[in-house]
Amino acid sequence: MAIKFSEQKLLEVQALISHYPEGKEKSALIPLLHLAQDEFGGWLDAPVMDYVAELLNILPIEVYEVATFYSMFNTKPVGKYLLEVCRTGPCMLNGSDEMIEYIKEKLGISEGETTPDGLFTLKPAECLGACGYAPMMQLGKTYREHLTKEKVDQLIAELRGK
Amino acid sequence: MAKKILLENDHIEGIRYYDTYRKNGGYRAAEKAFKMSPADIVEEVKKSGLRGRGGAGFPTGMKWSFLAKPEGVPRHLVCNADESEPGTFKDRYLMEFHPHLFIEGLLISSFALGSNATYVYIRGEYAWIPDILEQAIAEAKNNGWLGKNILGSGFDCEIYVHRGAGAYICGEETALIESLEGKRGNPRMKPPFPAIQGVWMRPTVVNNVETLAAVVPIINLGGDEYAKIGVGKSTGTKLLSVCGNVNKPGVYEIDMTCTVEEFIYSDEYCGGIPKGRKLKACIPGGSSVPILPANLLLKTAKGEARYMNYESLSDGGFATGSMMGSGGFIVLDDAQCVVRHTMTLARFYNHESCGQCSPCREGTGWMYKILKNLEYGKGKMSDIDLLWDIQRRIEGNTICPLGDAAAWPVAAAIRHFRDEFEWHVNNPEESQTRNFGLAHYADPIHVPASA
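As they're listed, the protein sequences go chains R and W. For the first sequence, position 51 (counting from the first letter as 1) is numbered 375 according to the working numbering, and the numbering increases by one without interruption. For the second sequence, position 117 (counting from the first letter as 1) is numbered 108 according to the working numbering, and the numbering increases by one without interruption.
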């Protein structure tokens, strides 16, 4: 797979860069890494990061140090669906530990692992700002809140069917 | 019924969209503001007594007046929408359901500060909210509220939404600025303060979402009228996000005049504790502020009722009080274990430490390790003192307040719940099968008679 954004995505890249003052294009790095991660398989391989460096005319190391700092950037491959279940205080009070155990058992994987079919990765997360709607998980761009075992069953069946 | 000024239109369907917002009095404050001078707007905000709603509670008007204005150097307003403090989700609510109120606040504040390019730094996980904000920005722009020469004033303003990527530390204003520049979120040494050299070394004001939204009612009502709402130095209204063991978790607007007891038990707010359980403890202002046992939460050490405002919540200092913080109200019932809860918070701060300062980088991991041992029945009595010692050595010894934020919850848990920690050490097996329960944490406090 050649690592290159489509023409349309490149327009988006230019629009993002234009938000920042001239000479400060590096500011678009995090937004560009989000685009790249969505576009190139859900994680940031070194050649992808090098490509982003090229787009912003910065050194690859400047991209690596940022990509490894922020928890939303995956520097290793992940499954098609990344289940990020919050487990910090407020979610814990509402049974997030039980929810994580249930997902582990149901999918037969441990924290941080991916199912053999490459569909699901389970990643316990720290506070995602949905404390009043706990327990919850992040799935792609959306939050799944007020989780129950039944809802988890439903969600996994739905994603498997896609 | 408490006065609502931020969420007063919460019940109106479609308030998220421009036409409905405008029809219900939206952008009236902006019209008024553009007839005022920027200096007068800053003056109104000063008069209002508005305090930063992100957690520190610093007077907003004063912060604005510190902004340097060198000739020929652009200035920027940056909105801190990184909301990551465990227990806090009020800014999310404002942005998701009242985007135009937020944008109107941003616009007036940008005009007051002279920011032609204003940035909203939003936490990356709130991935669907930038779409809502961008749609609202486009609507505002189509109606002449953003772009060039707004209302014929000669003032230009663009608002850009910038997504973060999952780092609690970026809620600290200098880390946020570093991140906005495309770097790791390592906080900067101060001085220079952002008001002098902030983003791209230009003068910058960083304000929380709720703070900027509050500028709208301040302009509508006038600073003096706004200051009449609330009590003492806690002026205006405050959004609280409630979570944990309550019947009605969610976001509430309070005018800071109700007691903590009313807030927890009244149907207007939290609606009491579910399943007939009892209140054991509460963190009233986001995970970083001290946890209080039920008795000290509802009454101060002097035996007086505690109120939901900045002064009353901090009555007694850290010895017997807590803080309003970011308004993340976390309630624990008598089935919860304070040791386990503190362990999850220690894990959080360990995960979120940027690694720049050794007391925080090493200390947070060490505290998590010890708390894990205590929670899983492998702790020693000396561990409790060791924990106390570590948190003391972190507090005040780091560049940014994350160190303090990691130390305080551990300190308060030991200060008020030492019995529970000791019980874990003395009953390693039993503590794996049941919790310590309510114990004496709701007992009336003995108030010494005054001499």
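Beta carbons: idealized from backbone N, C-alpha and C, even for Gly.
{"query": "Count the other CB atoms within 10 Å of the CB of W/Gln327; is the residue buried (16 or more) or exposed (fewer)?", "result": "buried"}
{"query": "7 Å is my cut-off, CB to CB: does W/Pro281 come that close to chain R?", "result": "no"}
{"query": "Counting only Cβ-Cβ distances shorter than 7 Å, please list the residues of the region 384 to 399 of chain R near chain W, keeping chain order.", "result": "Glu389, Val390, Phe393, Tyr394, Ser395, Met396 and Phe397"}
{"query": "Please classify W/Lys38: does DSSP put it in a helix, a strand, or coil?", "result": "helix"}
{"query": "In the structure shown, what three-state DSSP assignment does W/Asp306 receive?", "result": "coil"}
{"query": "Can you tell which of R/Ala370, R/Met373, R/Pro371 and R/Leu379 has its C-alpha closest to the C-alpha of R/Glu336?", "result": "R/Leu379"}
{"query": "Please state whether DSSP places W/Pro90 in a helix, a strand or coil.", "result": "helix"}
{"query": "By how many angstroms is the C-alpha of R/Thr472 removed from the C-alpha of W/Glu421?", "result": "28 Å"}
{"query": "Rounded to the nearest angstrom, what separates W/Trp414 and W/Ile405 at their Cα positions?", "result": "12 Å"}
{"query": "Can you give me the start and stop residues for the alpha helix (DSSP H) that W/Arg154 sits inside?", "result": "Here W/Arg154 belongs to no alpha helix (DSSP H); instead the beta strand (DSSP E) covers Glu149 to Arg154."}
{"query": "W/Lys269 by DSSP, collapsed to three states: which one?", "result": "coil"}
{"query": "Between the region 451 to 481 of chain R and chain W, which residues of the former have a C-beta closer than 9 Å to a C-beta of the latter?", "result": "Cys451, Leu452, Gly453, Ala454, Cys455, Gly456, Tyr457, Ala458, Gln462, Gly464, Lys465, Thr466 and Tyr467"}
{"query": "Distance cutoff 7 Å, beta carbons only. Does R/Lys404 sit that close to anything in chain W?", "result": "no"}
{"query": "Name, going along the chain, the residues of the region 376 to 399 of chain W whose beta-carbon falls closer than 9 Å to a beta-carbon of chain R.", "result": "none"}
{"query": "Drop a sphere of 10 angstroms on the beta-carbon of W/Asp434, count the other beta-carbons inside from all chains shown, and report buried for 16 or more, exposed for fewer.", "result": "exposed"}
{"query": "Going by DSSP in three states, W/Glu76 sits in which element: helix, strand or coil?", "result": "coil"}
{"query": "Mind checking whether W/Gly155 and W/Asp73 have CB atoms under 7 Å apart?", "result": "yes"}
{"query": "Count the other CB atoms, across all protein chains shown, that sit within 10 Å of the CB of R/Gly432; report buried if there are 16 or more and exposed otherwise.", "result": "exposed"}
{"query": "Relative to the alpha-carbon of W/Met334, which residue among W/Asp325, W/Ile361 and W/Met314 has its alpha-carbon at the smallest distance?", "result": "W/Ile361"}
{"query": "Under a CB-based cut-off of 7 Å, is R/Gly413 close to chain W?", "result": "yes"}
{"query": "Counting only C-beta atoms, is R/Leu353 closer than 7 Å to chain W at any point?", "result": "yes"}
{"query": "Cβ of R/Leu359 less than 7 Å from any chain W Cβ?", "result": "no"}
{"query": "State the CB to CB distance for the pair W/Gly318 and W/Lys239, rounded to an integer number of angstroms; the pair is presumed to be in contact (CB under 8 Å).", "result": "No, W/Gly318 and W/Lys239 are not in contact; Cβ-Cβ is about 16 Å, not under 8 Å."}
{"query": "Just by C-beta distance, which residues in the region 415 to 444 of chain R are closer than 7 Å to chain W?", "result": "Met416 and Leu417"}
{"query": "Sort out for me which residues DSSP pairs W/Leu283 with in a bridge.", "result": "W/Cys273"}
{"query": "Which of the residues in the region 407 to 421 of chain W, read from start to end, lie with their CB under 9 Å from any CB of chain R?", "result": "none"}
{"query": "Please confirm whether R/Lys350 has its beta-carbon closer than 7 Å to some beta-carbon of chain W.", "result": "yes"}
{"query": "Are the region 44 to 54 of chain W and the region 172 to 179 of chain W in contact at 8 Å, needing three or more beta carbon pairs?", "result": "no"}
{"query": "Grab me the residues of R/Thr412's own chain with a C-beta within less than 7 Å of its C-beta, minus the 5 sequence neighbours each way, in chain order.", "result": "Glu450 and Cys451"}
{"query": "Going by DSSP, name the residue or residues bridged to W/Ile113.", "result": "W/Ala72 and W/Arg154"}
{"query": "With distances taken Cα to Cα, identify the nearest neighbour of W/Leu514 among W/Ala218, W/Ile282, W/Thr202 and W/Lys132.", "result": "The question about residue 514 of chain W has no answer here: the residues shown for chain W are numbered -8 through 442."}
{"query": "Apart from the five residues on each side of it in sequence, which residues of its chain come closer than 7 Å, Cβ to Cβ, to W/Glu4?", "result": "none"}
{"query": "For W/Asn388 and W/Ser170, I'd like the C-alpha separation in whole angstroms.", "result": "23 Å"}
{"query": "Just to confirm the assignment, what range does the beta strand (DSSP E) spanning R/Ala449 have?", "result": "Phe444 to Ala449"}
{"query": "Using DSSP with H/G/I as helix, E/B as strand and the rest coil, what is W/Arg66?", "result": "strand"}
{"query": "What's the C-alpha gap between W/Glu76 and W/Phe320?", "result": "11 Å"}
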